[in-house]
Amino acid sequence: MIQINQRKSRDFQEFESLDDVLNILKSQFTNRKLYVKYAIDKTEIIINEYCDDGTVMLVTDPNYKNDGTTIIIYGLSDKYVEIDLDVIEERGPGYFHCSVKNARKALRGRRDLRFKVAPDDVVATNFRISRHTIDVAGFNIPTSIKVVLEQFQSQNSKMSDVVRLDVFKPDDRDRLLVYLKKTGKTLWVSTVGDPESYRAINEDFVDMHELYGEDITGVIKRYVERGYKSILAVPIIYITESSSSVPFAYIQLISKSKNFTLDDVLELKDHSFKLIDRIRDANTHLIPMHQRVIDISRGGAKLKINDKNLQKYIIRSKGFIFDLVFKLQAPITIFGEVKVSFTDDEGNLYVGVDFEGNSSRKDEMKRYYSILKPMETDYKAKLLKTMKNTRKETKPPPMQ
Numbered sequence: 522m523i524q525i526n527q528r529k530s531r532d533f534q535e536f537e538s539l540d541d542v543l544n545i546l547k548s549q550f551t552n553r554k555l556y557v558k559y560a561i562d563k564t565e566i567i568i569n570e571y572c573d574d575g576t577v578m579l580v581t582d583p584n585y586k587n588d589g590t591t592i593i594i595y596g597l598s599d600k601y602v603e604i605d606l607d608v609i610e611e612r613g614p615g616y617f618h619c620s621v622k623n624a625r626k627a628l629r630g631r632r633d634l635r636f637k638v639a640p641d642d643v644v645a646t647n648f649r650i651s652r653h654t655i656d657v658a659g660f661n662i663p664t665s666i667k668v669v670l671e672q673f674q675s676q677n678s679k680m681s682d683v684v685r686l687d688v689f690k691p692d693d694r695d696r697l698l699v700y701l702k703k704t705g706k707t708l709w710v711s712t713v714g715d716p717e718s719y720r721a722i723n724e725d726f727v728d729m730h731e732l733y734g735e736d737i738t739g740v741i742k743r744y745v746e747r748g749y750k751s752i753l754a755v756p757i758i759y760i761t762e763s764s765s766s767v768p769f770a771y772i773q774l775i776s777k778s779k780n781f782t783l784d785d786v787l788e789l790k791d792h793s794f795k796l797i798d799r800i801r802d803a804n805t806h807l808i809p810m811h812q813r814v815i816d817i818s819r820g821g822a823k824l825k826i827n828d829k830n831l832q833k834y835i836i837r838s839k840g841f842i843f844d845l846v847f848k849l850q851a852p853i854t855i856f857g858e859v860k861v862s863f864t865d866d867e868g869n870l871y872v873g874v875d876f877e878g879n880s881s882r883k884d885e886m887k888r889y890y891s892i893l894k895p896m897e898t899d900y901k902a903k904l905l906k907t908m909k910n911t912r913k914e915t916k917p918p919p920m921q
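Going by this note's numbering, the first residue of the sequence shown is number 522, and it counts up by one from there.
And the structure:
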């Protein structure tokens with residue numbers, strides 16, 4: 522039985538009545554194709570008869586097997602339309618008597634033309650999937666990442682008199698830490714005893730006067746009493762596969778013997794970037810298997826995943842980086858956000874992914890569009906030819 526996991530739903534408007542559904546079927550899908558949703562292969566259906574009681578007779582591929590009591594059909598007119606049908610009776614192979622349960626129309630039109638591709642046209646490979654997801658809300662950091670942080674602090678303990686590397690806590694009450702976590706800005710106080718050192722040199726730095734207001738005098742006094750001479754703090758910002766930023770930890774240096782300069786700030790930032798690279802390497806699983814691309818568009822694709830190890834990671838992933846390799850072309854690296862996934866009776870996993878706005882590099886998407894454009898043109902030409910032939914076949918004979 523097919524198991525479906527709808528991750529990302531469209532925005533739909535429900536049809537108000539059965540008559541509205543039947544009217545759109547008769548008016549807009551008499552000459553347009555309808556398909557069975559979640560069928561492993563793209564399965565066309567035809568409404569063979571509209572019965573007087575509002576039910577319909579469906580005809581489809583005799584090899585199509587319906588595993589439940591419902592069939593979802595879809596089609597594209599001015600907007601994407603889905604219709605849920607209850608199976609009253611299966612009257613033969615591919616022949617169903619159904620009642621309309623409900624239906625909905627997408628609020629926005631389909632973004633891109635989607636078409637099937639042959640196995641030798643393009644493959645998906647080099648899947649990079651996070652082993653763990655960093656919980657932004659709870660800041661639940663996996664043990665493997667905590668180990669990397671501990672190793673980094675141990676190896677760099679002599680960077681200053683005090684070196685602190687810690688994870689932001691959801692219940693942090695320290696005003697500075699809350700602000701660092703929220704903004705991702707850098708703290709640089711070159712001279713603790715100088716009030717002007719607490720002002721930001723630009724928008725990338727924390728302005729302690731704005732943050733503390735009238736309390737800044739007490740902050741300065743407290744730092745001076747502790748024997749601090751200079752302070753630096755840099756958030757550790759993890760960039761996820763979907764290019765979202767997660768400030769989840771910070772590095773703080775406190776000097777009791779020297780003043781930190783702008784060069785020290787840049788050096789600490791460089792350390793934080795190297796730390797992120799180490800975290801990403803520790804948290805990423807690379808699977809270089811070739812997997813089938815079923816269909817594709819400018820905005821996404823449907824992939825067939827038969828590698829069991831890869832299935833294990835994808836099934837719980839929100840998205841992943843992978844390479845699309847077109848025939849005679851260099852690989853194109855893309856991030857795919859998982860919209861829907863389902864498995865067939867043979868254990869193959871089918872995944873619908875969305876590319877929009879999530880590519881790791883903009884130039885990659887430009888190259889992707891340039892490769893896809895002639896494929897789209899060829900598909901449209903074949904589609905128009907098929908439609909013309911269909912019209913010729915259905916044209917009534919001339920009057921005698």
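We put the CB at the ideal spot given by N, CA and C, even for glycine. Nothing here was measured: the structure is a model prediction, and the numbers come from that model.
Residue i versus residue j: straight-line alpha-carbon distance, rounded
| i | j | result |
| --- | --- | --- |
| N780 | A803 | 34 angstroms |
| F769 | H792 | 16 angstroms |
| K558 | Y595 | 6 angstroms |
| I758 | S766 | 6 angstroms |
| G718 | L774 | The sequence as given places Ser at residue 718; Gly does not occur at that position. Answer to the nearest angstrom: the Cα atoms are 16 angstroms apart. |
| Q534 | D605 | 14 angstroms |
| I842 | T854 | 7 angstroms |
| T576 | E610 | 11 angstroms |
| S891 | I797 | 33 angstroms |
| M810 | K825 | 12 angstroms |
| P852 | G820 | 17 angstroms |
| S880 | R837 | Here the model assigns S880 a pLDDT of 46, short of 50, so the residue's position is not dependable, and the following value carries that caveat. Computed Cα separation, rounded: 20 angstroms. |
| L555 | E570 | 14 angstroms |
| A754 | G589 | 58 angstroms |
| Q549 | K600 | 11 angstroms |
| D866 | T664 | 36 angstroms |
| A645 | G615 | 33 angstroms |
| Y834 | G873 | 15 angstroms |
| D875 | D736 | 48 angstroms |
| V684 | A560 | 58 angstroms |
| N587 | Y871 | 18 angstroms |
| L597 | I808 | 36 angstroms |
| D642 | R553 | 27 angstroms |
| V657 | K703 | Low confidence applies here, because V657 scores a pLDDT of 49, under 50, leaving its location unreliable; read the following figure in that light. Straight-line Cα distance between these residues: approximately 11 angstroms. |
Exposure label - residue i; buried when at least 16 CB within 10 Å
| i | result |
| --- | --- |
| T551 | exposed |
| G739 | exposed |
| S711 | buried |
| K626 | buried |
| G748 | exposed |
| T898 | exposed |
| T707 | buried |
| A902 | exposed |
| I722 | exposed |
| G878 | Unreliable positioning characterises G878 in this predicted model, as indicated by a pLDDT of 48, which lies under 50. The coordinate reading is nonetheless provided below. Classification for G878: exposed. |
| F617 | buried |
| A822 | buried |
| P716 | exposed |
| G868 | exposed |
| P640 | exposed |
| F847 | buried |
| G613 | exposed |
| G734 | exposed |
Residue range of the beta strand (DSSP E) that includes residue i
| i | result |
| --- | --- |
| E603 | 601-613 |
| V814 | 812-817 |
| T581 | 577-581 |
| R747 | Neither: R747 is in no beta strand (DSSP E) and is coded neither H nor E. |
| R685 | 683-688 |
| V557 | 555-557 |
| N623 | 616-627 |
| Q534 | 533-535 |
According to DSSP, residues forming a beta bridge with residue i
| i | result |
| --- | --- |
| P756 | Y771 |
| I835 | Beta-bridge pairing links I835 to no other residue. |
| Q549 | Answer is none; Q549 lacks a bridge partner. |
| E858 | G840, D875 |
| S651 | T805 |
| N569 | Looking at the DSSP assignment, N569 forms no beta bridge with any residue, so it has no partner. |
| Y595 | Y556, E603 |
| F726 | T707 |
| A902 | Paired residues: none, contrary to the question. |
Where the alpha helix (DSSP H) through residue i begins and ends
| i | result |
| --- | --- |
| M729 | 729-733 |
| N804 | 783-804 |
| Q672 | 664-676 |
Any chain B beta carbon closer than 8 angstroms to residue i
| i | result |
| --- | --- |
| G615 | Protein chains in the displayed structure number just one, and chain B is not present. |
Checklist entry - Contact between the region 854-862 and the region 667-680: three or more CB pairs below 8 angstroms? => result no
Checklist entry - Would you say the region 639-653 touches the region 796-811, given that touching needs at least three Cβ pairs under 8 angstroms? => result yes
Next on the checklist: Closer than 8 angstroms is the cut-off here; do at least three beta carbon pairs connect the region 536-547 with the region 619-629?
Outcome noted: yes
Checklist entry - Would you say the region 811-823 touches the region 685-695, given that touching needs at least three Cβ pairs under 8 angstroms? => result no
Checklist entry - Is the region 742-751 close to the region 726-733, with three or more CB pairs under 8 angstroms? => result no
Checklist entry - Does the region 580-590 come close enough to the region 559-571 to have 3 or more Cβ pairs within less than 8 angstroms? => result yes
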